[in-house]
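Under the working numbering, read the sequence shown as residues 351 to 456, first letter to last. Glycine included, every Cβ here is placed at the ideal spot set by N, Cα and C. Source: prediction; values computed, not measured.
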Amino acid sequence: MATPMAGYGARCCCGALNGAIMVIGALSGRESGNTEFSEFKACLSYSKEMHERFIKEYGAACCRVISRKQEFGSPEHMTECRRLVEKTAGMLVDLINETEALQKQG
351 MATPMAGYGA RCCCGALNGA IMVIGALSGR ESGNTEFSEF KACLSYSKEM HERFIKEYGA
411 ACCRVISRKQ EFGSPEHMTE CRRLVEKTAG MLVDLINETE ALQKQG
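This is the structure:
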């Protein structure tokens, strides 16, 4: 399901960040038929926070920008990508641990 998220072929939006935001959506997103704007707004704020933390760490959310020094798909690129995915997962865990509403859903 998440395979094409590796920059969507255009190598722009980082798949690790997208995956983290998908987890936030799974934990705090609207359920079918739920029209509560407050829940929608809260989910967006958690996603925004994750995006801001990612940008602070990597300087961009675009795979092509983050990995511009490596050839896409090269061993060096894949090694760096794995490190980024691991670190992003840790950033997500930190956000979940800091956010009571996300903990209640998980």
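According to the DSSP assignment, residue 417 belongs to no alpha helix (DSSP H), since it is labelled neither H nor E. For residue 362, the number of other beta carbons within 10 angstroms of its own is below 16, and it is reported as exposed. In this structure residue 404 is buried. Its beta-carbon is surrounded by 16 or more other beta-carbon atoms within 10 angstroms. The stretch 408-428 and the stretch 377-396 do not touch, with fewer than 3 CB-CB distances between them shorter than 8 Å. Going by beta carbons, residue 378 and residue 452 fall inside the 8 Å limit.
In this structure, DSSP gives residue 431 a helical state, which the three-state scheme calls helix.
In the structure shown, residue 363 falls within a strand segment according to DSSP collapsed to helix, strand and coil. Residue 438 places its beta carbon less than 8 Å from that of residue 370.
In the DSSP assignment, residue 380 falls outside any alpha helix (DSSP H), carrying neither H nor E.
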